[in-house]
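Peer 1: This is the structure I have questions about; it appears just below.
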Amino acid sequence: MSELTVFKRPEALLPVTMHYCPGCTHGISHRLVAEALDELGLRERTVGVAPVGCSVLAYDYFNCDFHEASHGRAPAVATGIKRARPDLIVFTYQGDGDLASIGMAEIVHAANRGEKITVIFVNNAIYGMTGGQMAPTTMPGQVATTCPLGRDTNLAGFPIRMAELLSALVTPAFIARGSLHSPLEVVKTKALIKRAFQYQREGTCFSLVECLSTCPTNWGITPTDSLKWLEENMLPYYPLGIKKTPEGKEA
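Counting the sequence shown from 1 gives a position; this note's numbering is that position plus 150.
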C-alpha cells in the first residue's frame, strides 16, 4: 500500500523555523501565500517585498526572490520591480503599522495608479515588532503602550478601514478582507489570496487582501483568547468579504 500525503510544506516555503511569537498568525498567512504560488505555478517568477515590522524577515521563509524595503515603502519598491520586469509576479507583505501609517501615501497612490502588484496586508490592530504601540487600526478602547487607558477616538480618531478606503478609488482593483482566526476563515482567506494572484497573472489590476490577524504578545492575552478577541472585537468593525473587483462585482 502506498503512503498518502495529506499535509506537507509548500515548495514556496523554506524548511526553516519561524521566529514569530506563539499564537501569532503570520505563519498561517505565509503558508497561504506559499500555497497560492505553488498551485498557480508562479514561484519561479515571483519576487516578494518585505517591509519593516514583524514580517521583516519574510525573506528567510519564502522560497522565492525577495527585496527589502524601507518602512512603509514596499508598494513603491514593488512598483519599480513590476514596471521594470512586468513578466514577474510581485507582491508585498505588510503589517498595519507599516502599510496604514508611515506607508499610507505609498499604498494609496499605488492602488490609485493601478499598479499590477499584489499586496498581502496583515492587520493585527497594533504595532508588533516595536513594542505594542497604537496603530491606525487599533480598536476604540484597546490598550496599547502609547494609549494605556485605551484608544480615545476623540484624540486619535477611529481605526482606519483600509480595504474600504482603497475600494473608494475609481481605478479598477481587487480588494478583499479575510481573517485567520478559524479554520473556516483561513480556507476562505486562501481563496481570496489565490484570486488576487490570479488577477496579477492575467495582468488585470492592482490587488490587495487584508488578513485580520492576532498578536497575543502585545494584546497581553493567551493565543486562544486572542482568537476569541479578534472574533468579538475586530469582525464587527472590519467586516469580511470582497469589497471591490475589477468587474465591479462583489463576488
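No residue lacks a Cβ here, since even glycine has one placed at the ideal position from N, Cα and C. All values derive from a computational prediction rather than experimental measurement.
In whole angstroms, give me the CA-to-CA distance for Gly391 and Ile252.
Peer 2: Within the sequence shown, numbered from 1, the residue matching residue 391 stands at position 241. Within the sequence shown, numbered from 1, the residue matching residue 252 stands at position 102. So the two alpha carbons sit approximately 26 angstroms from each other.
Peer 1: By how many angstroms is the C-alpha of Ala261 removed from the C-alpha of Thr321?
Peer 2: Working through the sequence shown from its first residue, we reach residue 321 at position 171. Working through the sequence shown from its first residue, we reach residue 261 at position 111. Near 7 angstroms, if we compare the C-alpha coordinates of Ala261 and Thr321.
Peer 1: On the three-state DSSP scale, how would you describe Asn274?
Peer 2: On the sequence shown, position 124 is the one that residue 274 refers to. Coil, per DSSP.
Peer 1: Between the region 331 to 351 and the region 304 to 313, can you find at least three pairs of beta-carbon atoms closer than 8 angstroms?
Peer 2: Flag = no, the region 304 to 313 and the region 331 to 351 do not touch.
Peer 1: Would you kindly report the start and end of the unbroken beta strand (DSSP E) that includes Glu360?
Peer 2: Stepping through the sequence shown from its first residue, residue 360 is reached at position 210. Its beta strand (DSSP E) spans residues 356 to 362.
Peer 1: Quick one: residues in its chain with C-beta nearer than 6 angstroms to the C-beta of Thr395, no 5 flanking neighbours on either side, listed in chain order?
Peer 2: Translated into positions along the sequence shown, residue 395 becomes position 245. So the list reads Phe324, once near-sequence residues are dropped.
Peer 1: Assuming Glu185 contacts Lys340 (C-beta within less than 8 angstroms), just tell me the rounded distance between them.
Peer 2: Walking along the sequence shown from the start, residue 185 turns up at place 35. Walking along the sequence shown from the start, residue 340 turns up at place 190. Going by Cβ atoms, the distance from Glu185 to Lys340 rounds to 6 angstroms, so yes, they are a contact pair.
Peer 1: Give a yes or no on whether the C-beta atoms belonging to Ala234 and His217 are separated by under 9 angstroms.
Peer 2: Residue mapping note: residue 234 aligns to position 84 of the sequence shown, counting from 1. Residue mapping note: residue 217 aligns to position 67 of the sequence shown, counting from 1. No.
Peer 1: Helix, strand or coil for Ile239? Go by DSSP, reduced to three states.
Peer 2: For the purposes of this step, residue 239 is taken as the residue at position 89 of the sequence shown. Three-state result, Ile239: strand.
Peer 1: Helix, strand or coil: which one does DSSP assign to Thr155?
Peer 2: Position 5 of the sequence shown holds residue 155. Thr155 falls in the coil class under three-state DSSP.
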